[in-house]
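Reading through the structure tokens given below for one structure.
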Amino acid sequence: MDELRELYQQVILDHNRNPKNFHELPHANRHSEGYNPLCGDRVKIYLDIEDDVIRDVAFQGAGCAISKASASVMTTLVKGKTVKEAVALFHKFQKMITSDTREPVEMEELDKMAVFSGVREFPSRIKCAALAWHTLKAALQNQEEQVSTE
Amino acid sequence: MKTAEVLKTEFNVQRIRADFPILNEVVRGKPLVYLDNAATTQKPRCVIEAVERFYRQQNSNVHRGVHYLSELATEVYEEARGAVRSFLNARSGKEIIFTAGATDSINLVAYAFGNLGLRPGDEILISEMEHHSNIVPWQMLCERSGAKLRVVPIDDAGELVFSEFERLLTPKTRLAALVYASNSLGTINPVEKIIARAHEMNVPVLLDAAQAGAHLPLDVQALDCDFLAFSGHKVMGPTGIGILYGKENWLDKLPPYRGGGDMIKSVTFEKTIYNDLPHKFEAGTPNIAGAAGLAAALQYVSAIGRETILSYENELLRKAVRALAEIPGLRFIGTAANKVAVISFVLEGVHPHDVGTILDSEGVAIRTGHHCTQPVMKHFNVPATSRASFSFYNTEEEISKLAESLQKVREFML
Chain A
700 MDELRELYQQ
710 VILDHNRNPK
720 NFHELPHANR
730 HSEGYNPLCG
740 DRVKIYLDIE
750 DDVIRDVAFQ
760 GAGCAISKAS
770 ASVMTTLVKG
780 KTVKEAVALF
790 HKFQKMITSD
800 TREPVEMEEL
810 DKMAVFSGVR
820 EFPSRIKCAA
830 LAWHTLKAAL
840 QNQEEQVSTE
Chain B
12 MKTAEVLKTE
22 FNVQRIRADF
32 PILNEVVRGK
42 PLVYLDNAAT
52 TQKPRCVIEA
62 VERFYRQQNS
72 NVHRGVHYLS
82 ELATEVYEEA
92 RGAVRSFLNA
102 RSGKEIIFTA
112 GATDSINLVA
122 YAFGNLGLRP
132 GDEILISEME
142 HHSNIVPWQM
152 LCERSGAKLR
162 VVPIDDAGEL
172 VFSEFERLLT
182 PKTRLAALVY
192 ASNSLGTINP
202 VEKIIARAHE
212 MNVPVLLDAA
222 QAGAHLPLDV
232 QALDCDFLAF
242 SGHKVMGPTG
252 IGILYGKENW
262 LDKLPPYRGG
272 GDMIKSVTFE
282 KTIYNDLPHK
292 FEAGTPNIAG
302 AAGLAAALQY
312 VSAIGRETIL
322 SYENELLRKA
332 VRALAEIPGL
342 RFIGTAANKV
352 AVISFVLEGV
362 HPHDVGTILD
372 SEGVAIRTGH
382 HCTQPVMKHF
392 NVPATSRASF
402 SFYNTEEEIS
412 KLAESLQKVR
422 EFML
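Sequence lines, in order, name chains A and B.
To convert, note that position 95 of the first sequence is 794 in the working numbering; the numbers rise steadily by one, no gaps.
To convert, note that position 395 of the second sequence is 406 in the working numbering; the numbers rise steadily by one, no gaps.
Spelled out as structure tokens, the structure:
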């Protein structure tokens, strides 16, 4: 049960129940769709970028608690950031979830992302956490074809 | 087979469980509750020992040596074919082709059947509830030949719409490939009726019995199917071994699938003469140890009694449905009147992946996802389901554990 609590931290459960920015974005000027063929999770990320700054961000889709909470937390982290800053966050997240489980997670630096460090114990769930971030990166790069975790 | 004979007189699930070493494993600190039998079943000791015996005492290549071990290996392999023949009640061992599994068997037919000369305008008939392994090989065949894939729909209970099957069965239909029992819905199709109707139109029928093989008695002569595919590992056997049954006249007609050693009589650069059935379809060194393991598995299952197994599993299914129906927000996907012991469900507000992970922390192994049946998921408008699938070594206590753990999932996630 402890490992489970580590995976499903309260923040994740809360974001799963009440996801932030979970809607369409009619004025979005960039968007991308992500798909995890293994479990059928789908996420659509909408961005409104002006002068290289993410003015607004939203997501839609169907997925497990991890993927939904990850998308929700991500939107709160990247809103107001520059494209470059958002890409840097992507790399930070990617590094965290694929790091060795023995490595301590620097909470401060990772901010709200740190709650997802529990997925490292569950290899089958890493892609759930990563889906939204990969989709964000594709949207930032204006890549409109579907992103797949496979 | 002494123990098995005792079992035949009285079904004692605890005694059966003792035959499966893995059922004593502790996972995540909890006793294993294995309910992913539709994906693969666990192996009884006699199967593990047959594989080990082969490599310890009998290992050699088949059909080509004159030395003692080669003759022994050939005997083991051909006796295994005999065990399969008897398990399926096929007329002859010539009708039993060893393959890598049901997927491989279907690909064999799709490939060889295509080489008989399929033309644009011809049609292959499948159903909406097929496993991807009974969709994709036919799609590939259609791409190669210009033939068209027609799909018999299912209704909201997950049953085949028989009137649509009859409507789609036309003089253009060259072959019907249908699942006997669905791996994601549990639905048992009315295959006798399907085959009889297809034969009236002179359409051969391939049955995908990958799932049915684990649950239902199979008698290819009574079924009168033209081809039947199944996987050893779903019937207590090893992975990497499966069977294609084909009526002899069909297998005679079909050109070989793969070329290589063992499938030939003679080879010159000018002309190769193919071997007789069943060897014509078995190029290369086969999975001999797998065949030995499969034979042991089929003998084990037969000794318990297929009817005995079926009635015990039906009881498990009935009890599991009753236990799960009590869980608030649980919806069954697949409510056919005639089902094998496979239960797909969704839990309102909880994604199947989360259900699977939380059950796993309780030691309960189920499958979550699309179960290689994406069209079924689309039909029921769900991205995935959770699936608990039973075998004759499962118990009522395990059903209670599943239900309790699902209550925990709700408490945890909602």
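Here a beta-carbon is modelled for each residue, glycine too, at the ideal position from N, C-alpha and C.
Which residue marks the beginning of the beta strand (DSSP E) containing residue i, and which one marks its end?
i: Ile-146/B; result: Careful: Ile-146/B lies outside any beta strand (DSSP E) and carries neither H nor E.
i: Val-756/A; result: 752-761
i: Val-357/B; result: 353-358
i: Ser-193/B; result: Per DSSP, Ser-193/B belongs to no beta strand (DSSP E) and is neither H nor E.
i: Val-216/B; result: 216-219
The alpha helix (DSSP H) with residue i in it runs from where to where?
i: Tyr-311/B; result: 299-315
i: Val-95/B; result: 79-99
i: Arg-64/B; result: 56-64
i: His-364/B; result: 363-372
i: Arg-342/B; result: Not the alpha helix (DSSP H): Arg-342/B falls in the beta strand (DSSP E), residues 341-344.
i: Gly-224/B; result: 223-226
i: Leu-839/A; result: 825-839
i: Asp-701/A; result: 701-706
i: Leu-229/B; result: First-last for Leu-229/B: undefined, no H or E at that position.
I'd like to confirm the pairing. Which residues does DSSP put opposite residue i in its beta bridges?
i: Thr-110/B; result: Gly-253/B
i: Gly-132/B; result: According to DSSP, which records beta bridges pairwise, Gly-132/B is partnered with nothing at all.
i: Thr-396/B; result: Gly-380/B
i: Arg-161/B; result: Leu-136/B
i: Ser-242/B; result: Gly-253/B
i: Ser-277/B; result: Ile-284/B
i: Asp-47/B; result: Ser-400/B
i: Gly-733/A; result: Val-742/A and Val-846/A
i: Glu-749/A; result: Val-752/A
i: Val-37/B; result: Pro-42/B
i: Thr-184/B; result: Glu-134/B
i: Lys-350/B; result: Thr-198/B
i: Leu-171/B; result: Ile-165/B
i: Thr-781/A; result: Val-752/A
i: Val-24/B; result: Answer is none; Val-24/B lacks a bridge partner.
i: Val-387/B; result: Its beta-bridge partners do not exist; DSSP assigns none.
i: Phe-721/A; result: Phe-758/A
i: Val-73/B; result: Partner(s): none; Val-73/B has no beta bridge.
i: Val-438/B; result: With chain B covering 12 to 425 only, the question about residue 438/B has no answer from this structure.
Taking C-beta pairs closer than 9 Å, name the residues in chain A that residue i reaches, listed in chain order.
i: His-2/B; result: In the structure as shown, chain B begins at 12 and stops at 425. Residue 2/B is therefore absent and cannot be evaluated.
i: Pro-394/B; result: Cys-738, Gly-739, Asp-740, Arg-741, Ala-761 and Gly-762
Just to confirm, are residue i and residue j a CB contact at a threshold of 8 Å?
i: Glu-432/B; j: Ile-108/B; result: The question about residue 432/B has no answer, for chain B in this structure spans 12 to 425.
i: Val-772/A; j: His-714/A; result: yes
i: Leu-839/A; j: Ala-785/A; result: yes
i: Ala-101/B; j: Tyr-256/B; result: yes
i: Val-387/B; j: Glu-139/B; result: yes
i: Gln-759/A; j: His-722/A; result: yes
i: Pro-182/B; j: Ala-158/B; result: no
i: Lys-811/A; j: Leu-776/A; result: yes
i: Ala-376/B; j: Leu-43/B; result: yes
i: Val-58/B; j: Gly-248/B; result: yes
i: Ala-395/B; j: Cys-738/A; result: yes
i: Ala-221/B; j: Asn-200/B; result: no
i: Arg-178/B; j: Glu-134/B; result: no
i: Val-214/B; j: Thr-250/B; result: no
i: Glu-705/A; j: Ser-372/B; result: no
i: Lys-245/B; j: Pro-267/B; result: no
Residue i and residue j look like a contact to me (Cβ under 8 Å); what is the Cβ gap, rounded to whole Å?
i: Leu-217/B; j: Val-120/B; result: 6 Å
i: Gly-304/B; j: Ile-252/B; result: 7 Å
i: Thr-781/A; j: Asp-751/A; result: 5 Å
i: Ala-331/B; j: Ile-410/B; result: 5 Å
i: Gly-360/B; j: Thr-379/B; result: At roughly 15 Å, the Cβ-Cβ gap does not stay under 8 Å, so Gly-360/B and Thr-379/B are not in contact.
i: Gly-197/B; j: Val-353/B; result: 4 Å
i: Gly-104/B; j: Pro-289/B; result: 7 Å
i: Gln-69/B; j: Ala-84/B; result: 6 Å
i: Leu-234/B; j: Glu-106/B; result: In fact, because the Cβ distance is near 13 Å, the residues do not count as touching under 8 Å.
Run through chain A and tell me which residues come within less than 8 Å of residue i, C-beta to C-beta.
i: Gly-380/B; result: Leu-737, Cys-738 and Gly-739
i: Phe-391/B; result: Per Cβ cutoff of 8 Å: no residues; Phe-391/B is ~12 Å from chain A at best.
i: Phe-356/B; result: The contacting residues do not exist; Phe-356/B stays about 15 Å from chain A at best.
What does residue i reach in chain B if we use C-beta pairs closer than 7 Å?
i: Gly-762/A; result: His-362
i: Phe-821/A; result: Thr-368
i: Arg-801/A; result: Chain B residues near Arg-801/A: none, gap ~20 Å exceeds 7 Å.
i: Arg-824/A; result: Thr-368
Closer than 7 Å to a non-hydrogen atom of the ligand NAD - does that hold for the CB of residue i?
i: Asp-799/A; result: Among the components modelled here there is no ligand, and therefore nothing to report on the ligand NAD.
Strictly below 9 Å CB to CB, what residues from chain B border residue i?
i: Leu-712/A; result: Phe-423 and Met-424
i: Tyr-707/A; result: Asp-365, Thr-368, Ile-369, Phe-423 and Met-424
Under 7 Å between beta-carbons, which chain A residues line up against residue i? List them in chain order, please.
i: Met-388/B; result: Gly-739
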